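Keeping their order, the protein sequence lines are chains E and X. Under numbering that gives the first Met the number 0, think of the first position of the first sequence as 0, with each following residue one higher. Under numbering that gives the first Met the number 0, think of the first position of the second sequence as 0, with each following residue one higher. One structure is given here, and the rest of the page talks about it.
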Amino acid sequence: MENGDSKETSREIVVPGELLAIGNKRAGPGTFVEGGKIYAAQLGIKNVRPDGVSVVPLAGQYMPLRGDLVVGKIVDIGPSNWLVDINSPYPAPLHVNEVPWRVEFGETSKFMSVGDVVMLKIVDVSETKRITVSMQDHGLRKLTGGMVIEVSPSKVPRVIGRNGSMIQMLKNETGCRIYVGQNGRIWIDGELDNIAKAVSAIQMIENEAHSLGLTEKVKNFLEQSSRRGA
Amino acid sequence: MGGTPTDLKLIDESGRRLDGRLPDEMRPLKIEAGVLSRADGSAYVEWGLNKVMAAVYGPRECHPRHLQNPERALVQCHYNMASFSVDDRKRPGPDRRSHEISKIISEALTRVVFTEYFPRTSIDVYIEVLQANAGTRCAGLTAASVALADAGVPMRDLVASCAAGKVAETMVVDLAKEEDNFGQADIPLGYVPRTGEIVLLQMDGDLSYDQFEKGIDMAVGACKKVYEIQRDALKRRYAVRTVDAELTAPGVGKEGV
Numbered sequence: 000m001e002n003g004d005s006k007e008t009s010r011e012i013v014v015p016g017e018l019l020a021i022g023n024k025r026a027g028p029g030t031f032v033e034g035g036k037i038y039a040a041q042l043g044i045k046n047v048r049p050d051g052v053s054v055v056p057l058a059g060q061y062m063p064l065r066g067d068l069v070v071g072k073i074v075d076i077g078p079s080n081w082l083v084d085i086n087s088p089y090p091a092p093l094h095v096n097e098v099p100w101r102v103e104f105g106e107t108s109k110f111m112s113v114g115d116v117v118m119l120k121i122v123d124v125s126e127t128k129r130i131t132v133s134m135q136d137h138g139l140r141k142l143t144g145g146m147v148i149e150v151s152p153s154k155v156p157r158v159i160g161r162n163g164s165m166i167q168m169l170k171n172e173t174g175c176r177i178y179v180g181q182n183g184r185i186w187i188d189g190e191l192d193n194i195a196k197a198v199s200a201i202q203m204i205e206n207e208a209h210s211l212g213l214t215e216k217v218k219n220f221l222e223q224s225s226r227r228g229a
Numbered sequence: 000m001g002g003t004p005t006d007l008k009l010i011d012e013s014g015r016r017l018d019g020r021l022p023d024e025m026r027p028l029k030i031e032a033g034v035l036s037r038a039d040g041s042a043y044v045e046w047g048l049n050k051v052m053a054a055v056y057g058p059r060e061c062h063p064r065h066l067q068n069p070e071r072a073l074v075q076c077h078y079n080m081a082s083f084s085v086d087d088r089k090r091p092g093p094d095r096r097s098h099e100i101s102k103i104i105s106e107a108l109t110r111v112v113f114t115e116y117f118p119r120t121s122i123d124v125y126i127e128v129l130q131a132n133a134g135t136r137c138a139g140l141t142a143a144s145v146a147l148a149d150a151g152v153p154m155r156d157l158v159a160s161c162a163a164g165k166v167a168e169t170m171v172v173d174l175a176k177e178e179d180n181f182g183q184a185d186i187p188l189g190y191v192p193r194t195g196e197i198v199l200l201q202m203d204g205d206l207s208y209d210q211f212e213k214g215i216d217m218a219v220g221a222c223k224k225v226y227e228i229q230r231d232a233l234k235r236r237y238a239v240r241t242v243d244a245e246l247t248a249p250g251v252g253k254e255g256v
């Protein structure tokens with residue numbers, strides 16, 4: 000491998016408690032400061048920028064952030080709300096005022112029942128991690144048909160790619176409709192063969208998330224498998 | 000502390016122990032991270048004849064609800080010995096000893112985890128002892144902290160753990176089963192290498208103050224070695240994949256392409 004060395008320096012794996020920098024750099028996500036020194040707080044890849052240091056996590060639970068789009072599953076129904084599992088440690092209650100339909104009190108189950116999959120937006124996350132979600136925005140809806148797969152939330156940026164390059168390529172090559180939630184849930188709909196193809200491509204992305212030139216590799220894989228199928 | 004069989008020489012004339020180790024020598028330690036696919040994080044430790052598995056779930060919603068803390072996460076540890084882990088079958092299920100060990104390991108880990116990041120949740124750590132040969136609480140704590148890091152839980156540092164003790168009037172590190180049974184004292188210790196904090200400390204047996212101090216020093220020295228192996232295990236888990244760039248995708252290459 001010719002570029003092996005540069006790869007090592009650019010993708011250094013750090014463990015919790017490892018010293019990252021001393022001095023007046025800004026401590027980014029995945030780090031903490033103690034005694035003027037910056038340490039890694041999580042297992043991840045060290046990311047040094049001119050202005051600061053951060054750690055890109057390799058594992059971990061999804062932590063809801065305001066503005067995130069997520070794929071949720073209805074787990075419970077109340078008279079004026081649904082309880083949605085968004086693959087995080089905290090459940091998200093979806094109030095009837097936040098859905099695109101007019102729902103009478105006690106008639107929630109006529110619109111969505113347990114097991115339904117929805118696309119949601121995180122409206123707010125309070126100090127105590129109480130979550131407010133909404134379905135009233137562009138592109139948010141109940142997802143019918145298709146299937147949902149889960150990847151590690153820390154791999155979601157890989158699945159989307161830079162400026163959405165990876166996901167765009169996946170959609171073009173497989174002809175599937177794909178929604179990627181920030182919480183690591185991915186909804187795929189299309190023809191059965193194409194779904195299978197998309198799923199194995201996404202699994203490949205997850206397994207090789209931190210190798211370079213991933214988009215190219217996945218593209219080759221998809222072209223290869225479609226040629227064999229034809 | 001059973002009665003010492005008179006014919007058992009725990010330390011021979013040349014100063015070596017039953018298994019040929021010097022007083023400050025640890026048993027061979029091997030750690031592997033990420034061995035279980037269903038848990039959020041996991042680790043497997045082989046430490047001499049000890050075999051310990053640790054699995055971490057969470058942070059996740061805390062049940063039962065009354066245990067929730069509105070300001071921080073709860074680190075709940077469950078230490079369990081398999082019934083086949085010891086010579087005489089261990090009666091399965093929780094007992095006084097496993098409750099105690101679960102409690103002290105939880106407290107040691109709580110010190111390093113950023114619990115304030117995850118209010119109202121619990122982080123569950125399950126430690127299963129598959130084979131025991133003295134020092135399982137140290138092996139368990141060592142495995143648990145690697146498993147926590149593997150699960151992506153934010154922590155101030157890893158916790159390394161090792162025991163020291165007194166055997167035949169000599170201070171030794173990392174006691175094996177015979178030394179633990181027929182020795183004079185045992186001090187398991189949990190250590191945070193970055194800050195030098197001691198997060199777990201127990202003592203069984205009698206020691207003079209000087210002996211105690213020497214024991215702590217020896218255990219801390221061993222913990223530093225344990226820490227290196229822990230770090231190595233975590234880095235190796237992902238390094239394999241970064242280097243092995245030519246990994247084939249699922250389904251590719253099956254038909255001899």
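Glycine included, C-beta positions come from ideal geometry on N, C-alpha and C. All values reported here derive from a predicted model rather than from experimental measurement.
Boundaries of the beta strand (DSSP E) harbouring R176/E: R176 to V179, taken from the DSSP string. In this structure, the beta-carbon distance from Y43/X to E31/X falls below 8 Å. Along the segment 108-125 of chain X, going in chain order, the ones with a CB nearer than 7 Å to a CB of chain E are F113, F117, P118, R119 and T120. Look at the segment 53-73 of chain E: the residues with a C-beta under 7 Å from a C-beta of chain X are P56, L57, A58, G59 and Q60. Along the segment 113-132 of chain E, going in chain order, the ones with a CB nearer than 8 Å to a CB of chain X are T127 and K128. Put simply, the backbone Cα of A163/X is about 11 Å away from that of A133/X. In the DSSP annotation of this structure, the continuous segment of the beta strand (DSSP E) that includes H94/E starts and ends at A91 to H94. E196/X is bridged by DSSP to V191/X. Excluding sequence positions up to five before and after R236/X, its CB lies within less than 6 Å of the CB of A32 and G33, all in the same chain and listed in chain order. Considering only S79/E, V83/E and G114/E, the residue with the shortest C-alpha distance to W100/E is S79/E.
For S41/X, the uninterrupted beta strand (DSSP E) run begins and ends at G40 to W46, by DSSP.
Short of 7 Å from the beta carbon of T214/E, and not among the five residues preceding or following it, lie these beta carbons of its own chain, in chain order: G160, S164, M165 and M168. When the alpha-carbon of V152/X is set against those of R15/X, A54/X and L48/X, the nearest one is in A54/X. Taking L82/E as the centre and dropping the five residues before and after it, the same chain places the C-beta of I73, V74, D75, I76, P90, A91, P92 and L93 closer than 8 Å to its C-beta, in chain order. CA-CA distance, L108/X to V47/E, rounds to 29 Å. Annotated three-state conformation of Y78/X is strand, per DSSP. For R136/X, the uninterrupted alpha helix (DSSP H) segment begins and ends at T135 to D149. P99/E is outside the set of residues whose beta carbon lies under 8 Å from a beta carbon in chain X.
R184/E is not a Cβ neighbour of V113/E, given a cutoff of 8 Å. Taking a beta-carbon distance threshold of 8 Å, E60/X counts as an interface residue toward chain E. In the three-state DSSP reduction, S160/X falls in the strand class (E or B). One Cα belongs to R176/E, the other to H209/E, and the distance between them is close to 25 Å.
Under DSSP, the beta-bridge partners assigned to A53/X are A42/X and I126/X. Close to L42/E, with beta-carbon spacing below 7 Å, are these residues of chain X in chain order: A148, D149, G151 and L233. Listed in chain order, the non-local C-beta contacts of G35/E below 6 Å within the same chain number zero, local neighbours out to five positions each way being set aside.
At least one C-beta of chain X is nearer than 8 Å to the C-beta of I12/E. Listed along the chain, the chain X residues whose CB falls inside 9 Å of the CB of S153/E are G151. Between D50/E and R25/E, the CB-CB gap stays under 8 Å.
In this structure, the straight-line span from the alpha carbon of V128/X to that of T107/E is close to 48 Å. The three-state secondary structure of N193/E, taken from DSSP, is helix.
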